[in-house]
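K.L.:
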Amino acid sequence: MDIKVLLEFIKRIVYASQTKEKFTGNLVELRERVRYDKEDRRLLDIIDIAMNGYDELMELKEQGTLDKDIVILDTIKKIKTKMNRDGAN
Amino acid sequence: MDIFFDENMAVADRTLITYNVQSEKVVVPAYTGEGQKIVRIGRYAFSDSDIVKEITIEPGVEIVKYCAFSNLPNLEKITIPPSVVQSYDGVFKGDGKLKLIKMGMRLKDDEYKELYSNIRYDVNGEAYVMANTFSRLTGTLENMMIDEGYSNWNEQEIRGGIERLFLVGEAEDVISGVIMFSESDITDEYESVKDIILGNKTTPYSIEADDMNDYWLRAKQIIAVSKAAVIHFNPNENKMDRDKIIVNFSIELAHAFWQAVEKVQYRGEQYYLYSRNYLYKKNEEEYIKELWDIFDEEGNPLDDMAVKEEIMKKYYLLSMI
């Protein structure tokens, strides 16, 4: 699995999710599959960050910009920044 | 790693990761559109939809993970094939209208070929149902049917307002593990059970005296579909009267359990066989020859041996002797 495929999974999960529980559960399952596969740290990190960005990713769905990989990656970066900031505080 | 996407689902490593539920009837596929096998239904894969009313899992799927079908408030019925050998906690959590779970119902060969021509339908090995798989139901599950292959049960997997529990197939094994028959697990949550229906391989000897605990007594009736018979235990108020067990023969052999149940429920013609000390008889021949008398629908004994023989032949009783 590469990043492009991973982003496709994230898109599908966001599209299918009506609740944070489903969103998180699906990502946990995906993470487990990735971990069993190659344990690619980079991919696992993206999934971990995405798990913390339910609101942000749902906003992309509402805005209709979820189809663009670059937008998702940018959002992932923002989520990570927020996580770092929250962690620092 | 196998990857697959289509308009509804995403699959990775033979695991259905997510499914966008958009219709009232959903078939959970055992293969992707590209022929990749789907073994696992992932966590929350089908959860959180108020649209779906009926779900059928195709034969071939083996594992259903945590909360896979949870929070489906309008789900009324789900069919689980015998290929599903493992299920996890909270699979049906919050499914407030779930009235029927059919587990392991075998399809007839021709149906199977037509519907699942590319799927090998195999029921080898034992099924394993994790604790709490059926817990957290909100009290509306009325019927639950469990076919052969589901012989290992953990504790507390059945809760909620089940009124009718069908145990089909290797019921002897099932009985030994099902919480309902475990003395240590008696709770008020099972007071809703009115009917317990045992499977077509249940023998009279499957039911031992030790099983006659409060669960049996709470049930309003217990029906066992054996090879030729529907055995109808009729508990007397709060206490099972073991001397007045009614053995109630069905119209036909109960090979197809669902059909048998329909017949049990709707048949107009009934005969009753009364026996005394039924539970303690260990020898089938004695059981048949010595203990059973045939009664008509109103409970009057049939004295005419020719009539009795005719009935015995009709209902395959003689084949049991």
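The listed protein sequences derive, respectively, from chains A and B.
Our numbering numbers the first residue of the first sequence as 319 and each following residue consecutively.
Our numbering numbers the first residue of the second sequence as 410 and each following residue consecutively.
Backbone N, C-alpha and C fix where the C-beta goes; we use that ideal spot for every residue, glycine too.
1) Kindly list the residues whose CB is nearer than 6 angstroms to the CB of L375/A, restricted to its own chain and excluding five residues on each side of it in sequence; keep chain order.
2) Rounded to a whole number of angstroms, what is the C-alpha to C-alpha distance between L484/B and Y453/B?
3) Taking a cut of 7 angstroms between CB atoms, which residues from the stretch 422-446 of chain B lie near chain A?
4) Give the DSSP-derived three-state secondary structure of V470/B in the structure shown.
5) Between which two residues does the alpha helix (DSSP H) harbouring F327/A extend?
6) Looking at M418/B and D355/A, is the spacing between their C-beta atoms short of 7 angstroms?
7) Going by C-alpha distance, which of S492/B, R423/B, V493/B, I464/B is nearest P482/B?
8) Alpha carbon to alpha carbon, what distance is there between K462/B and I388/A?
9) Name the one or two DSSP bridge partners that T465/B has.
10) Nearest chain A C-beta to G451/B closer than 7 angstroms, yes or no?
11) Kindly indicate if chain A contains any beta-carbon less than 7 angstroms away from that of D415/B.
12) So if I threshold CB-CB distances at 8 angstroms, which residues from the stretch 377-396 of chain A count as touching chain B?
13) In chain A, which residues lie less than 9 angstroms from D504/B when you measure between Cβ atoms?
14) In chain B, what lies closer than 7 angstroms to A368/A by C-beta?
15) Please list the partners that R330/A has in chain B, where partner means a Cβ-to-Cβ separation under 8 angstroms.
16) Cutting at 8 angstroms between CB atoms, please list the residues of its own chain near L378/A, excluding the five before and the five after it.
17) Chain B beta carbons: is any one of them nearer than 7 angstroms to that of N402/A?
18) Do I412/B and V346/A have their CB atoms nearer than 7 angstroms?
19) Could you confirm whether any beta carbon from chain B is found closer than 7 angstroms to the beta carbon of D320/A?
20) Quick check: the Cα distance between G442/B and F414/B, rounded to an integer number of angstroms?
21) Which residues does DSSP list as the beta-bridge partners of T424/B?
22) For chain B, is any of its Cβ atoms less than 7 angstroms away from the one on R360/A?
23) Pull up the distance between the alpha-carbon of K338/A and that of N344/A, whole angstroms please.
24) Shortest alpha-carbon distance to F336/A belongs to which of Y372/A, N402/A, V352/A?
25) Going by DSSP, what residues sit across from F414/B in a beta bridge?
26) Return the CA-CA distance between P490/B and K329/A, expressed in angstroms with no decimal places.
27) Helix, strand or coil: how does DSSP classify E443/B here?
28) Is I450/B near A421/B, with beta carbons less than 7 angstroms apart?
29) Which residues, in chain order, does the stretch 338-352 of chain A contribute to contact with chain B at a C-beta distance below 7 angstroms?
30) Check I388/A in the structure and name its three-state DSSP category.
31) Residues of chain A with CB closer than 8 angstroms to the CB of K474/B, please, in chain order.
32) CA-CA distance, Q445/B and R423/B?
33) Between which two residues does the alpha helix (DSSP H) containing L375/A stretch?
34) What does the Cβ neighbour count give for G382/A, buried or exposed, with the cut at 16 atoms within 10 Å?
35) For the candidate residues I447/B, D459/B, E416/B, whose alpha-carbon lies nearest to that of E433/B?
36) Would you say D411/B lies against chain A (beta-carbon separation less than 7 angstroms)?
P.N.:
The short version:
1) Within the first sequence, the letter at position 57 stands for residue 375/A. Excluding positions up to five away in sequence, the list reads V332.
2) The residue given as residue 484/B occupies position 75 in the second sequence. The residue given as residue 453/B occupies position 44 in the second sequence. Their Cα atoms are separated by approximately 15 angstroms.
3) D422, T424, I426, T427, Y428, N429
4) By 1-based counting over the second sequence, the position of residue 470/B is 61. V470/B falls in the strand class under three-state DSSP.
5) Stepping through the first sequence from its first residue, residue 327/A is reached at position 9. Its alpha helix (DSSP H) spans residues 321-334.
6) For this step, residue 355/A is matched to residue 37 along the first sequence. For this step, residue 418/B is matched to residue 9 along the second sequence. Contact flag unset, no.
7) As a working note, residue 482/B is residue 73 in the second sequence. Taking only the C-alpha atoms, the option nearest P482/B is I464/B.
8) Stepping through the first sequence from its first residue, residue 388/A is reached at position 70. Stepping through the second sequence from its first residue, residue 462/B is reached at position 53. Taking the straight line from one Cα to the other gives about 37 angstroms.
9) Sequence index remark: in the second sequence, residue 465/B carries index 56 (1-based). V436/B, T488/B, per the DSSP bridge assignment.
10) Sequence index remark: in the second sequence, residue 451/B carries index 42 (1-based). G451/B counts as touching chain A.
11) By one-based count along the second sequence, residue 415/B stands at place 6. By this cut-off, D415/B is not an interface position.
12) none
13) Position 95 of the second sequence, counting from 1, holds the residue named residue 504/B. The premise fails here: D504/B is roughly 14 angstroms from chain A at the closest Cβ pair, so nothing lies under 9 angstroms.
14) By one-based count along the first sequence, residue 368/A stands at place 50. Under the 7 angstroms cutoff, chain B gives no residues; its nearest Cβ is about 13 angstroms from A368/A.
15) Here residue 330/A refers to the residue found at position 12 when the first sequence is read from its first residue. By Cβ distance, chain B contributes F414, M418, A419, I426, T427, N429.
16) Start at 1 with the first residue of the first sequence, and residue 378/A comes out as number 60. Within the same chain, L378/A has close Cβ partners V332, L384, V389, I390, T393.
17) In the first sequence, the residue the question calls residue 402/A occupies position 84. Not one chain B Cβ lies under 7 angstroms of N402/A.
18) Locating residue 412/B in the second sequence gives position 3, where the first residue counts as 1. Locating residue 346/A in the first sequence gives position 28, where the first residue counts as 1. Against a cut-off of 7 angstroms, the Cβ pair of V346/A and I412/B comes out as no contact.
19) As a working mapping, residue 320/A is identified with position 2 in the first sequence. For D320/A, the answer is no, since every Cβ of chain B falls outside 7 angstroms of its Cβ.
20) Locating residue 442/B in the second sequence gives position 33, counting from the first residue. Locating residue 414/B in the second sequence gives position 5, counting from the first residue. Looking at the two C-alpha atoms, the distance is approximately 9 angstroms.
21) Along the second sequence, read from residue 1 onward, the residue named residue 424/B stands at position 15. DSSP lists A421/B, R449/B as partners of T424/B.
22) Along the first sequence, one-based indexing puts residue 360/A at 42. No, its Cβ sits nowhere closer than 7 angstroms to a Cβ of chain B.
23) As a working mapping, residue 338/A is identified with position 20 in the first sequence. As a working mapping, residue 344/A is identified with position 26 in the first sequence. Straight-line Cα distance between these residues: approximately 10 angstroms.
24) The residue you call residue 336/A lines up with position 18 of the first sequence. With the sequence shown as reference, residue 336/A is identified as Gln, and Phe is not the correct amino acid for it. That would be Y372/A, whose Cα lies nearest to the Cα of Q336/A.
25) The residue given as residue 414/B occupies position 5 in the second sequence. A419/B.
26) Position 81 of the second sequence holds residue 490/B. Position 11 of the first sequence holds residue 329/A. Cα-Cα distance, rounded: 30 angstroms.
27) Taking the second sequence and counting its residues from 1, one reaches residue 443/B at position 34. E443/B: coil per DSSP, three-state reduction.
28) Sequence index remark: in the second sequence, residue 450/B carries index 41 (1-based). Sequence index remark: in the second sequence, residue 421/B carries index 12 (1-based). Cβ distance not < 7 angstroms, so I450/B and A421/B don't count as in contact.
29) E339, K340, G343, N344, V346, E347, L348, R351
30) Residue numbering aside, residue 388/A sits at position 70 when the first sequence is read from its first letter. Helix at I388/A.
31) Here the question's residue 474/B lines up with position 65 in the second sequence. Near K474/B (Cβ distances below 8 angstroms), the residues of chain A are E347.
32) In the second sequence, residue 445/B corresponds to position 36, counting from 1. In the second sequence, residue 423/B corresponds to position 14, counting from 1. The alpha-carbon atoms of Q445/B and R423/B are separated by roughly 7 angstroms.
33) Residue 375/A sits at position 57 when you count from the first residue of the first sequence. Per DSSP, L375/A belongs to the alpha helix (DSSP H) from 372-381.
34) Here residue 382/A corresponds to residue number 64 of the first sequence, with the count starting at 1. Exposed, because fewer than 16 other Cβ atoms sit within 10 Å of the Cβ of G382/A.
35) Within the second sequence, numbered from 1, the residue matching residue 433/B stands at position 24. Nearest of I447/B, D459/B, E416/B to E433/B, Cα basis: D459/B.
36) On the second sequence, residue 411/B is found 2 positions in, with the first residue counted as 1. Taking Cβ atoms only, chain A never reaches closer than 7 angstroms to D411/B, which makes this a no.
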